[in-house]
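J.: Quick one: the structure is below, questions incoming.
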Amino acid sequence: GEDVEQSLFLSVREGDSSVINCTYTDSSSTYLYWYKQEPGAGLQLLTYIFSNMDMKQDQRLTVLLNKKDKHLSLRIADTQTGDSAIYFCAENLALFYGNNRLAFGKGNQVVVIP
Amino acid sequence: NAGVTQTPKFRILKIGQSMTLQCTQDMNHNYMYWYRQDPGMGLKLIYYSVGAGITDKGEVPNGYNVSRSTTEDFPLRLELAAPSQTSVYFCASSYSETGIYEQYFGPGTRLTVT
Numbered sequence: 001g002e003d004v005e006q007s008l009f010l011s012v013r014e015g016d017s018s019v020i021n022c023t024y025t026d027s028s029s030t031y032l033y034w035y036k037q038e039p040g041a042g043l044q045l046l047t048y049i050f051s052n053m054d055m056k057q058d059q060r061l062t063v064l065l066n067k068k069d070k071h072l073s074l075r076i077a078d079t080q081t082g083d084s085a086i087y088f089c090a091e092n093l094a095l096f097y098g099n100n101r102l103a104f105g106k107g108n109q110v111v112v113i114p
Numbered sequence: 001n002a003g004v005t006q007t008p009k010f011r012i013l014k015i016g017q018s019m020t021l022q023c024t025q026d027m028n029h030n031y032m033y034w035y036r037q038d039p040g041m042g043l044k045l046i047y048y049s050v051g052a053g054i055t056d057k058g059e060v061p062n063g064y065n066v067s068r069s070t071t072e073d074f075p076l077r078l079e080l081a082a083p084s085q086t087s088v089y090f091c092a093s094s095y096s097e098t099g100i101y102e103q104y105f106g107p108g109t110r111l112t113v114t
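Here is the structure:
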């Protein structure tokens, strides 16, 4: 299967941390990604993690990967109003299609309250 | 570099009409993709191409056609528009040689079929 599961909506106060979760299906995925979509725009790669890593830190972003449970999370520290967007988790479908096809989750809408 | 560009930005079609959504990338990427995004449903892959002259079906190809005569261009054709094709369409491209398989997205075309 190619289902990537995400919850749909998160509201967070400016300055707080926000955590978005997803579960994926392809245990052969070599990379897992977080994309950000601002209103009226296309998706933009926010960060990614290689499948042999447990954690990746990138400024205010922390990605945690639990391969056993096929669980991926994104933590945004000190959330700012510019972080209001839809966040998509994606996996590359290495087992079925090679590395250049991605499966996307339904997205998490994050609303930052000033 | 302009990246991935799409035209038009918006379009309203009557049922049964045809149109072509244009997509161009100037990054010399070998892979190109067409997705549709329905509200709350994430992205679904329509068609993709691994290089000029080669195309393949994604998850939801019915009602669409593509061609890839050059590396830069990947137009999507709707022959007989139906209300079910009302959606936001995104074109993306990626380059297999980086090893990360990041996809770069265009700004999208919002299509309404009435």
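Going down the list, the sequences are from chains A and B.
Read in my numbering, the first sequence has 39 at position 39, and its numbers run on one by one without any break.
Read in my numbering, the second sequence has 71 at position 71, and its numbers run on one by one without any break.
From the three backbone atoms N, C-alpha and C, an ideal C-beta is built for every residue, glycine too.
None of these values were measured; they are calculated from a predicted model.
Excluding the 5 residues preceding and the 5 following residue 87 of chain B in the sequence, name in chain order all residues of the same chain whose CB lies nearer than 7 angstroms to its CB.
T.: Here residue 87 of chain B refers to the residue found at position 87 of the second sequence. The residues are 36, 37, 38 and 111.
J.: Could you confirm whether any beta carbon from chain A is found closer than 8 angstroms to the beta carbon of residue 76 of chain B?
T.: Working through the second sequence from its first residue, we reach residue 76 of chain B at position 76. No, no contact with chain A.
J.: What are the boundary residues of the beta strand (DSSP E) that residue 10 of chain B is part of?
T.: Reading the second sequence from its first residue, position 10 is the one you call residue 10 of chain B. Start and end: 10-13.
J.: Going by beta carbon distance, what residues of the same chain come within less than 8 angstroms of residue 18 of chain B, once the five residues before and after it are set aside?
T.: As a working mapping, residue 18 of chain B is identified with position 18 in the second sequence. The answer, listed in chain order, is 77, 78, 79, 80 and 81.
J.: Using only the alpha-carbon positions, how far apart do residue 1 of chain B and residue 80 of chain A sit?
T.: Here residue 1 of chain B refers to the residue found at position 1 when the second sequence is read from its first residue. Here residue 80 of chain A refers to the residue found at position 80 when the first sequence is read from its first residue. Approximately 29 angstroms between the Cα atoms of the pair.
J.: Give the secondary structure of residue 1 of chain A by DSSP, where H, G and I count as helix, E and B as strand, and everything else as coil.
T.: Here residue 1 of chain A corresponds to residue number 1 of the first sequence, with the count starting at 1. Only weak support exists for where residue 1 of chain A lies, its pLDDT of 43 falling under 50; the value from the coordinates is given anyway. Note: residue 1 of chain A maps to coil in three-state DSSP.
J.: Taking 6 angstroms as the limit between beta carbons, can you name the residues of its chain near residue 105 of chain A, skipping five residues before and five after?
T.: As a position in the first sequence, residue 105 of chain A is number 105, starting the count at 1. Hits under 6 angstroms: 4, 6, 22, 88 and 89.
J.: Taking 8 angstroms as the CB-CB cut-off, is residue 1 of chain A touching chain B?
T.: Here residue 1 of chain A corresponds to residue number 1 of the first sequence, with the count starting at 1. Confidence is the limiting factor: at residue 1 of chain A the pLDDT is only 43, short of 50, which leaves the residue's position unreliable, though a coordinate-based value still follows. Not an interface residue.
J.: Keeping to the same chain, check which residues put their C-beta closer than 7 angstroms to that of residue 105 of chain B; ignore five residues upstream and five downstream.
T.: As a working note, residue 105 of chain B is residue 105 in the second sequence. Contacts found: 4, 90 and 92.
J.: What is the C-beta distance between residue 8 of chain A and residue 40 of chain B, in whole angstroms, given that I count them as a contact (C-beta under 8 angstroms)?
T.: The residue given as residue 8 of chain A occupies position 8 in the first sequence. The residue given as residue 40 of chain B occupies position 40 in the second sequence. Contact flag correct, Cβ pair sits at about 7 angstroms.
J.: Going by DSSP, what residues sit across from residue 71 of chain A in a beta bridge?
T.: Within the first sequence, numbered from 1, the residue matching residue 71 of chain A stands at position 71. According to DSSP, residue 71 of chain A bridges with A/23 and A/66.
J.: Three or more C-beta pairs under 8 angstroms: does that hold for the region 49-67 of chain A against the region 23-31 of chain A?
T.: Result yes; three or more Cβ-Cβ pairs closer than 8 angstroms.
J.: With the cut-off set at 8 angstroms, would you say residue 14 of chain A and residue 85 of chain A are in Cβ contact?
T.: Position 14 of the first sequence, counted from the start, is the residue given in the question as residue 14 of chain A. Position 85 of the first sequence, counted from the start, is the residue given in the question as residue 85 of chain A. For residue 14 of chain A and residue 85 of chain A, no; Cβs fall outside 8 angstroms.
J.: Just to confirm, are residue 46 of chain B and residue 31 of chain B a CB contact at a threshold of 8 angstroms?
T.: Counted from its first residue, the second sequence places residue 46 of chain B at position 46. Counted from its first residue, the second sequence places residue 31 of chain B at position 31. No, these two residues do not count as a Cβ contact at 8 angstroms.
J.: Residue 25 of chain A: which of A/102, A/83 and A/63 sits nearest, CA to CA?
T.: One-based indexing of the first sequence puts residue 25 of chain A at position 25. When only C-alpha atoms are compared, the closest one is A/102.
J.: Please report the straight-line C-alpha distance between residue 69 of chain B and residue 69 of chain A, rounded to a whole angstrom.
T.: By one-based count along the second sequence, residue 69 of chain B stands at place 69. By one-based count along the first sequence, residue 69 of chain A stands at place 69. Residue 69 of chain B and residue 69 of chain A: Cα-Cα distance of roughly 43 angstroms.
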